[in-house]
Amino acid sequence: MARLRVVSLVPSLTETLLAWGITPVACTRFCEQPSLAHVGGTKDPDVAAIAALAPHLVVVCDEENRREDADALVAAGVAVHACSPRTAAEVEPALAALAAELGVVPPTAERGGPVPALAPLGLRAFVPIWRRPWMSLAADTYGSSVLAALGVVNVLADAEARYPEVELDAVRALAPDVVLAPSEPYAFRPSHLAELSTVAPVVEVDGQDLFWWGARTPAAVHRLHRALR
Numbered sequence: 055m056a057r058l059r060v061v062s063l064v065p066s067l068t069e070t071l072l073a074w075g076i077t078p079v080a081c082t083r084f085c086e087q088p089s090l091a092h093v094g095g096t097k098d099p100d101v102a103a104i105a106a107l108a109p110h111l112v113v114v115c116d117e118e119n120r121r122e123d124a125d126a127l128v129a130a131g132v133a134v135h136a137c138s139p140r141t142a143a144e145v146e147p148a149l150a151a152l153a154a155e156l157g158v159v160p161p162t163a164e165r166g167g168p169v170p171a172l173a174p175l176g177l178r179a180f181v182p183i184w185r186r187p188w189m190s191l192a193a194d195t196y197g198s199s200v201l202a203a204l205g206v207v208n209v210l211a212d213a214e215a216r217y218p219e220v221e222l223d224a225v226r227a228l229a230p231d232v233v234l235a236p237s238e239p240y241a242f243r244p245s246h247l248a249e250l251s252t253v254a255p256v257v258e259v260d261g262q263d264l265f266w267w268g269a270r271t272p273a274a275v276h277r278l279h280r281a282l283r
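Everything in the sequence shown is counted per this note's numbering, starting at 55 for the first residue and increasing by one.
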């Protein structure tokens, strides 16, 4: 079979495709794959450059990419597949649909599930994802679903916005047991971690394990569980 020509506009899907033995013909500059061709970012892909690559498929997700860019690719005659799980449990069926679209059978260990059933950690956590303003995540997010799989209560799960802005004084009033400081999307400096430690003890965690869904999901949940025990 001829090599599949796939463009990935989703960092975690680029990682997943590589785990499946599929090397994308291009990806975004945020995919951490310097050896691959880059076609812009997740929010500003170069539609003309992508179309010129004549890909069999471009993979996108609604969390990372803009609808207008996906529509522009379709208008340019490019096939687009949206893969947008909102929970850890949705990853396995979402990847199965992508594999079917590509006509491939992924290795069993790289199918994104099932989510491991682990002993609940019984913690209440605040998860900052940005500073100035401080921001966190609510229930309707992949990251919050990973916390639930760990038996960790997200103290801002009930916020109206999916990614609410918060004040640290308001977070203190929620009495979290721990602050989980992910390595991305914001690179917290030691001084920032010191600020956060006034809320609760800080544990630094791998942001990709918390937020990148895909083939890594089951192992990522295990790693986070070990980090928080």
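Beta carbons are placed, not taken as given, at the ideal position from N, Cα and C, and that holds for glycine.
Note that the coordinates shown come from a computational prediction; the quantities given were computed from them, not determined experimentally.
Between the alpha carbons of Val220 and Gly157 lies a gap of roughly 44 Å. Counting C-beta pairs with one atom in each stretch, the region 166-176 and the region 211-229 have fewer than three that are closer than 8 Å, which means they do not touch.
For Val128, the uninterrupted alpha helix (DSSP H) segment begins and ends at 121-129. By the 16-neighbour rule on beta-carbons within 10 angstroms, Gly75 is exposed. Closest by C-alpha distance to His276, out of Arg59, Gly166, Phe84, is Gly166. Shown here, Leu177 sits in a strand according to DSSP, grouped into three states. By the Cβ test, the region 261-268 is in contact with the region 142-154, since at least three Cβ pairs between them sit closer than 8 Å. For Ser199, the number of other beta carbons within 10 angstroms of its own is at least 16, and it is reported as buried. Beta-bridge annotation (DSSP): Ala80 is paired with Val61.
Excluding sequence positions up to five before and after Val257, its CB lies within less than 8 Å of the CB of Val232, Val233, Leu234, Ala235, Ala281, Leu282, all in the same chain and listed in chain order. Excluding five sequence positions before and after Thr82, the CB atoms of its chain that fall closer than 6 Å to its own CB belong to Leu63, Gly95, Thr96, given in chain order. In the DSSP assignment, His135 falls within the unbroken beta strand (DSSP E) covering 134-136. In chain order, Ala235, Val256 place their CB closer than 7 Å to the CB of Leu247, counting only its own chain and leaving out the 5 sequence neighbours on each side. Contact between Asn208 and Ala241 does not hold, since their C-beta atoms are separated by about 22 Å, which reaches or exceeds 8 Å. A distance below 9 Å separates the beta carbons of Leu210 and Ser190. Each residue's CA atom was taken as its position, placing Ala163 and Asp223 some 43 Å apart.
Phe84 and Leu71 have their C-alpha atoms roughly 15 Å apart.
For Ala235, there is no enclosing alpha helix (DSSP H); the enclosing beta strand (DSSP E) covers residues 232-236.
Annotated three-state conformation of Leu228 is coil, per DSSP. In the structure shown, Leu111 falls within a strand segment according to DSSP collapsed to helix, strand and coil.
Straight across, the Cα-Cα distance linking Gly197 with Pro168 is about 16 Å. Its chain contains Cys115, Asp116 as the residues whose beta carbon lies nearer than 6 Å to that of Ser138, once the 5 sequence neighbours on both sides are disregarded; these appear in chain order. The beta carbons of Ala133 and Val101 sit about 14 Å from each other, so the pair does not count as a contact at 8 Å. Judged by DSSP in its simplified three-state form, Gly75 adopts coil rather than helix or strand.
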